[in-house]
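Asker: Counted from 1, the sequence shown has number 186 at position 186 by UniProt numbering; the numbering is strictly sequential. Beta carbons: idealized from backbone N, C-alpha and C, even for Gly. Okay, handing you the structure first.
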Amino acid sequence: MSDETFSLIGIYGGTFDPVHFGHLRVAEELIEILQLDEIRFLPAGYPRLRNEPIASQHHRKTMLYEAIRDNKKFFLDDRELRRSGESYSVESLRELRDEFKGKKAAFCFIIGVDAFLKLPNWHLWRELFELSHLVIVNRPGHISFVNHACLPPKLQDACLDRWTDDVNALKRVSSGFVFTAVTTLLDISSTTIRAYIAAEKSARYLLPDNVLNYIGTHHVYTRKNENR
Ligand code: ATP
Ligand code: MG
Numbered sequence: 001m002s003d004e005t006f007s008l009i010g011i012y013g014g015t016f017d018p019v020h021f022g023h024l025r026v027a028e029e030l031i032e033i034l035q036l037d038e039i040r041f042l043p044a045g046y047p048r049l050r051n052e053p054i055a056s057q058h059h060r061k062t063m064l065y066e067a068i069r070d071n072k073k074f075f076l077d078d079r080e081l082r083r084s085g086e087s088y089s090v091e092s093l094r095e096l097r098d099e100f101k102g103k104k105a106a107f108c109f110i111i112g113v114d115a116f117l118k119l120p121n122w123h124l125w126r127e128l129f130e131l132s133h134l135v136i137v138n139r140p141g142h143i144s145f146v147n148h149a150c151l152p153p154k155l156q157d158a159c160l161d162r163w164t165d166d167v168n169a170l171k172r173v174s175s176g177f178v179f180t181a182v183t184t185l186l187d188i189s190s191t192t193i194r195a196y197i198a199a200e201k202s203a204r205y206l207l208p209d210n211v212l213n214y215i216g217t218h219h220v221y222t223r224k225n226e227n228r
């Protein structure tokens with residue numbers, strides 16, 4: 001790699017209520033596809049655009065930690081949990097850019113297509129393109145990116161001239177590209193897992209065993225829990 005290229009760091013925001021194999025497999029594949037140095041999982045504190053998470057911040061953080069601790073390239077970044085008030089990804093990316101000043105690193109903000117389609121509702125969403133590249137992953141049941149024309153007009157405009165399928169392009173500038181990654185489609189969601197657990201159905205093989213054990217031990221998603 002020449003001195004002129006940026007090393008790439010994945011930033012994976014989400015509620016992770018709980019983290020599951022859909023998240024983890026995407027992260028593992030993106031490390032290879034984009035040749036990322038690392039991925040930082042960034043659990044949201046109080047998401048503005050959705051219902052409050054069911055599990056406490058402590059539980060979500062611990063479950064995520066348990067899920068990623070054996071992977072040397074996965075890191076937990078709990079800055080949004082430590083922040084009071086609502087979580088804004090833009091704020092986190094601004095902070096990260098400050099922290100990485102002088103390091104020749106570019107951030108790849110990872111986002112599932114369901115979340116990407118709602119991007120224009122996010123606080124200062126256009127600034128994301130100034131702070132990072134966007135990496136979009138498909139999700140079963142959502143539109144695929146074969147045809148960009150099916151995006152809402154605002155998003156289409158914002159992404160115009162930003163699309164690339166060249167990983168090396170991402171390494172040449174610190175922000176501004178939109179890359180659509182082809183990863184294994186896994187039809188797993190936290191909503192389904194929470195529903196299975198609440199209904200006392202098995203959620204095994206949808207998420208790591210140690211996370212499932214933690215959920216069971218601490219009654220994270222069952223009514224018995226008074227402390228979630
Ligand atoms: P919930 O059902 O509570 O919304 P979720 O499974 O969608 O949970 P989130 O924490 O909301 O998980 O998602 C964080 C990010 O991961 C989002 O960008 C989302 O699109 C993406 N994501 C979640 N599950 C998958 C999956 N199975 N495949 C690809 N991307 C996913
Ligand atoms: Mg979701």
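For Leu131 versus Phe100, is the C-beta distance shorter than 8 Å?
Answerer: No; because the gap between Cβ atoms is not below 8 Å, this pair is not in contact.
Asker: Would you grab the beta carbon distance between Leu119 and Leu155 for me? Rounded to a whole angstrom, and I think it's under 8 Å.
Answerer: Indeed they touch by this definition, with Cβ atoms about 6 Å apart.
Asker: Taking 8 Å as the threshold (C-beta atoms), are Ala27 and Ile39 in contact?
Answerer: Taking 8 Å as the Cβ cut-off, Ile39 and Ala27 qualify as a contacting pair.
Asker: For Val211, verify whether its CB is less than 7 Å away from any heavy atom of ligand 1.
Answerer: It does not: the Cβ of Val211 is nowhere closer than 7 Å to a heavy atom of ligand 1.
Asker: According to the Cβ coordinates, are Phe198 and Tyr221 closer than 8 Å?
Answerer: It is worth fixing the name first, because residue 198 is Ala in this sequence and not Phe. Yes, the pair counts as a contact, with Cβ atoms nearer than the cut-off.
Asker: In terms of residues, what are the limits of the beta strand (DSSP E) holding Ala181?
Answerer: Element bounds for Ala181: Val178 to Ala181.
Asker: Would you kindly work out how many angstroms separate the C-alpha atoms of His142 and Leu34, rounded to a whole number?
Answerer: Each residue's alpha carbon lies about 23 Å from the other.
Asker: Closer than 7 Å: is that where the CB of Thr15 sits relative to any heavy atom of ligand 1?
Answerer: Flag set: Cβ of Thr15 near ligand 1.
Asker: Nearest to Arg97 by alpha carbon, out of His58, Ile11 and Ile31?
Answerer: Of the candidates His58, Ile11 and Ile31, the one whose C-alpha sits nearest the C-alpha of Arg97 is Ile11.
Asker: Buried or exposed, going by whether 16 or more other CB atoms sit within 10 Å of the CB of Asp17?
Answerer: Asp17 should be labelled buried.
Asker: Is any non-hydrogen atom of ligand 1 found closer than 7 Å to the C-beta of residue 311, if you look at the structure I gave you?
Answerer: Residue 311 is absent from the model: the chain starts at 1 and stops at 228.
Asker: Are Leu128 and Val90 closer than 8 Å when you measure CB to CB?
Answerer: Taking 8 Å as the Cβ cut-off, Leu128 and Val90 qualify as a contacting pair.
Asker: Residues in its own chain within less than 7 Å of Ile188 by CB, not counting five upstream and five downstream?
Answerer: Closer than 7 Å at Cβ, skipping near neighbours: His20, Phe21, Gly22 and Leu206.
Asker: Do Thr191 and ligand 1 come close, with the Cβ less than 7 Å from some heavy atom?
Answerer: Under cutoff, so the answer is yes.
Asker: Confirm the yes/no value for this check: CB of Ile33, any heavy atom of ligand 1, distance under 7 Å.
Answerer: No; taking the cut-off as 7 Å, the Cβ of Ile33 has no heavy atom of ligand 1 nearer than that.
Asker: Whole-angstrom Cβ separation of Ser202 and Tyr196, contact assumed at under 8 Å?
Answerer: Yes, Ser202 and Tyr196 are in contact; Cβ-Cβ is about 7 Å, under 8 Å.
Asker: Check whether the Cβ of Val114 sits closer than 7 Å to any heavy atom of ligand 1, and report yes or no.
Answerer: A quick correction: the sequence has Asp, not Val, at residue 114. Result yes, Cβ under 7 Å from ligand 1.
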